[in-house]
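Residue numbers (UniProt numbering): 1 to 504.
Cβ atoms here follow ideal geometry from the backbone N, Cα and C, with glycine treated the same way.
Notes follow once the structure below has been shown.
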Amino acid sequence: MTMPPGAMKHLLVRPAVPAPLDPNFSPVILAKRQYLKAVAQASGAWDGILGTILKGSFTYLEWALPRADGCARYKLPVFPEGHEDIDASIYLAGVLIQEMIWQRSAKSLLLCGPAKICEALAKDFSVDGKYSFEVTSMPNVCGTPDSPFEVKIVSEAELPEAKDTPQVCGKSANGCRLAFDLGKSDIKTVAVKDEEVVYSKETEWDVTNPDPDYHFKAVTAALKLAKEKLPKVDAVGGSATGTLGANNEATWCDIFPNVPPAVYKQKVVDIFQRIAKDVAGDVPLKVINDGEVTALAAVQKLGGKGNIMGISMGSSEGAGYANAQGNLMGWINELCYVKLDMNPEAPTDPWTKGAHTGMSHMYLGQRGATKLAAKAGVKVPANYVYPHPEMCTIKHENHAQCLKLIQKAMEDPAVRPQVEQLYVTMGVYLGYALAQYCEFYSIDHVMILGRVSKGAGGDIMLNTAKKVLETEFPEYASMQFHTADDHFKAVGQCIAAAALPTLP
């Protein structure tokens with residue numbers, strides 16, 4: 001999606017803590033702050049002496065994003081109609097609407113504000129518009145594939161109020177339980193007996209296989225190996241990318257990207273129910289989004305503390321959030337589809353098929369590391385050097401193997417100083433992403449899990465992220481970072497998933 005030339009002067013900001021291997025990284029959070037200052041100046045509401053925004057007569061764009069169990073609302077100051085920089089308002093509004101859609105999901109978009117801005121955004125969020133990926137994805141995400149995403153321009157009185165529906169999940173893994181975490185590179189499985197892990201394993205699989213029977217057999221086979229370590233099975237818990245229904249339906253899971261829609265409806269929607277029945281019979285089952293399980297894992301690890309953002313840096317970015325009470329918010333938290341980088345030359349990702357640039361897929365998961373491997377002096381095969389075509393597909397195998405080479409290179413004193421710059425760069429990404437997330441989430445604690453965060457490189461990444469917050473966002477510098485041992489990082493989601501079903 002091309003940024004209008006007139007918007008660049010307000011939306012391209014280089015960070016005070018630079019990314020050594022990505023010098024043109026331009027964080028969205030800094031773009032937003034610079035934009036708000038420019039709008040305040042244009043509206044006569046900027047105090048040049050104090051460097052603060054005053055209460056003034058702003059022109060606002062408002063929007064609502066209704067969903068089945070709630071509604072998101074936002075109010076953005078915009079340049080007045082006729083102002084030469086109005087394209088910056090349109091562009092940033094689109095980025096923020098996109099962000100909120102992937103935080104919470106939406107069945108429609110309601111716009112209220114200046115006619116030119118609303119009309120431009122209505123066009124952008126059409127089937128043929130700049131955000132066609134979001135428009136065509138949301139009906140599936142919401143479990144209503146036959147109901148198209150609607151965009152309406154309405155009056156302020158017609159905007160529904162903001163609403164969330166917090167959700168309570170099980171947090172005790174008593175009894176004998178199986179659990180799985182389906183990532184884009186591997187299947188993680190655990191067997192748990194009275195809170196103790198007695199078996200864990202990671203099994204690589206090919207999520208691009210179009211045959212749902214392949215996926216069914218792969219997951220059941222992995223779970224049956226775990227089952228052998230238990231005297232019985234009382235419950236099955238699980239996590240997967242995408243959105244899951246109240247009855248464990250795979251409403252929209254991008255770990256089955258190549259299954260044809262008709263076959264998906266027939267053989268994938270109920271796949272978790274069939275897997276559990278085949279492995280364990282009629283026992284309690286609970287499957288939720290992988291990011292949500294990350295948040296619950298953090299709640300358990302921190303002894304019930306709340307306002308926790310859990311981020312799993314694996315094949316992609318999995319994210320979840322637990323509120324002050326340690327409960328989920330009913331949001332989908334698919335932050336891997338959120339834009340982090342305003343750089344016009346930022347990488348595209350294979351899921352949106354070039355429609356967007358700067359998406360978190362390419363920054364906070366293993367692709368954030370592998371795209372920098374060659375720049376960091378890691379010796380990798382030619383087909384692992386980004387942007388080789390084999391590194392620009394939805395397949396994850398090459399990235400998983402490339403990450404192993406990066407981690408191995410960290411053990412070589414001859415190249416380690418160069419490779420450390422890769423983790424510094426990823427720490428910069430993480431720090432500015434967390435500041436961006438704080439615009440919508442109240443975060444006191446952040447738990448970092450996933451294979452990208454393993455080892456000494458992970459420590460460098462987290463220390464750099466802290467430096468970003470201390471340098472540019474002192475209001476967030478009190479945020480506490482948490483990790484676990486490497487084993488917990490790899491299978492922590494599975495352990496928390498095991499606790500999801502409640503026993504009779």
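Could you pull out every residue in the same chain whose Cβ sits closer than 6 Å to the Cβ of residue i, ignoring the five residues on either side in sequence?
i, result
"I49", "Any answer about I49 is weak, because its pLDDT of 46 lies below 50 and its placement is not dependable; what the coordinates show is given next. Nothing meets the Cβ criterion."
"V452", "M313, Q366 and A369"
"P20", "Q421, V424 and T425"
"I86", "F79"
"N383", "E390"
"E202", "D186 and K188"
"V207", "K184 and I255"
If you draw a straight line from the C-alpha of residue i to the C-alpha of residue j, how long is it?
i, j, result
"G377", "Q418", "6 Å"
"Y429", "K232", "44 Å"
"F473", "F272", "42 Å"
"K291", "T59", "The sequence as given places Gly at residue 291; Lys does not occur at that position. Roughly 36 Å separates the two Cα atoms."
"E150", "A64", "12 Å"
"A276", "S316", "26 Å"
"P148", "I443", "34 Å"
"T471", "D22", "19 Å"
"V293", "H83", "46 Å"
"A499", "R177", "8 Å"
"C169", "P381", "44 Å"
"I29", "P212", "40 Å"
"D459", "L405", "18 Å"
"H356", "Y131", "8 Å"
"G129", "G94", "11 Å"
"Y35", "F216", "49 Å"
"M100", "A7", "21 Å"
"K260", "P210", "In the sequence under discussion, the amino acid at residue 260 is Pro, which differs from the Lys named in the question. Cα to Cα, P260 sits roughly 7 Å from P210."
"P501", "Q325", "19 Å"
Assuming residue i is part of the alpha helix (DSSP H), what are its boundary residues?
i, result
"L133", "Reading off the sequence, residue 133 comes out as Phe, not Leu. S132 to V141 is the span of the alpha helix (DSSP H), which, as asked, contains F133."
"E470", "G455 to E472"
"F481", "Premise fails: F481 lies in the beta strand (DSSP E), Q480 to H482, not in any alpha helix (DSSP H)."
"P145", "No alpha helix (DSSP H) holds P145; DSSP gives it neither H nor E."
"A262", "P261 to K267"
"residue 505", "Any question about residue 505 goes unanswered here, given that the chain covers just 1 to 504."
"P387", "Here P387 belongs to no alpha helix (DSSP H), and DSSP marks it neither H nor E."
"E292", "D290 to K301"
"E119", "A115 to D124"
"T220", "P212 to K227"
"R73", "First-last for R73: G70 to V78, but that is the beta strand (DSSP E), not the alpha helix (DSSP H)."
"M8", "P5 to L11"
Taking its Cβ as the centre, do 16 or more other Cβ atoms sit within 10 Å of residue i, making it buried, or is it exposed?
i, result
"D194", "exposed"
"S43", "buried"
"Q41", "exposed"
"E156", "exposed"
"D304", "Looking at the sequence itself, residue 304 is Gly, so the reference to Asp does not match. Answer is exposed; the Cβ neighbour count stays below 16."
"G281", "exposed"
"Y412", "The question names Tyr, yet the displayed sequence has Asp at residue 412. It counts as exposed."
"P77", "buried"
"T243", "buried"
"R14", "exposed"
"V141", "buried"
"V127", "exposed"
Just to check, is the beta-carbon of residue i closer than 7 Å to a non-hydrogen atom of the ligand ZN?
i, result
"G326", "Looking for the ligand ZN in the displayed structure turns up nothing, as the structure carries no ligands at all."
Measuring alpha carbon to alpha carbon, tell me which of the options ends up nearest residue i.
i, options, result
"M351", "G330, H396, G314 and P18", "Here residue 351 turns out to be Trp, not Met, going by the sequence shown. The shortest Cα separation from W351 among G330, H396, G314 and P18 belongs to H396."
"E334", "P504, M309 and H399", "M309"
"L285", "D128, T208, A297 and D270", "D270"
"I255", "A72, S239 and I406", "S239"
"A497", "A173, I187 and V154", "A173"
"R104", "A120, H445 and P166", "P166"
"C158", "L111, P77 and A115", "Per the sequence shown, the amino acid found at residue 158 is Glu instead of Cys. Nearest option by C-alpha distance: L111."
"A16", "R67, K467, A222 and K224", "K467"
"A68", "A88, E81, P18 and K107", "K107"
"P4", "A226, S137, E228 and I90", "I90"
Report all residues from its chain with a CB closer than 8 Å to the CB of residue i; omit the five preceding and five following residues, and keep chain order.
i, result
"V197", "V190, A191, V491 and I495"
"H361", "S316, E317, C336, Y337, D349, W351 and R367"
Taking the beta strand (DSSP E) that residue i belongs to, which residues open and close that run?
i, result
"F180", "C176 to L182"
"Y423", "Note, Y423: premise wrong, no beta strand (DSSP E); alpha helix (DSSP H) at R416 to Y437."
"S312", "I308 to M313"
"W63", "T59 to R67"
"H83", "Where H83 is concerned, there is no enclosing beta strand (DSSP E), given that its DSSP letter is neither H nor E."
Looking only at its own chain, which residues have a Cβ that is under 7 Å from the Cβ of residue i, when we skip the five neighbours before and after it?
i, result
"E475", "none"
"G245", "G143 and T251"
"Y264", "F256"
"L109", "W63, L65, I97, F125 and V151"
"K375", "L21"
"F440", "Q103"
"A162", "C71, A72 and R73"
"D164", "G70, M329 and G330"
Does residue i get closer than 8 Å to chain B when you measure Cβ to Cβ?
i, result
"A88", "Absence of chain B from the displayed structure is noted, only one protein chain being present."
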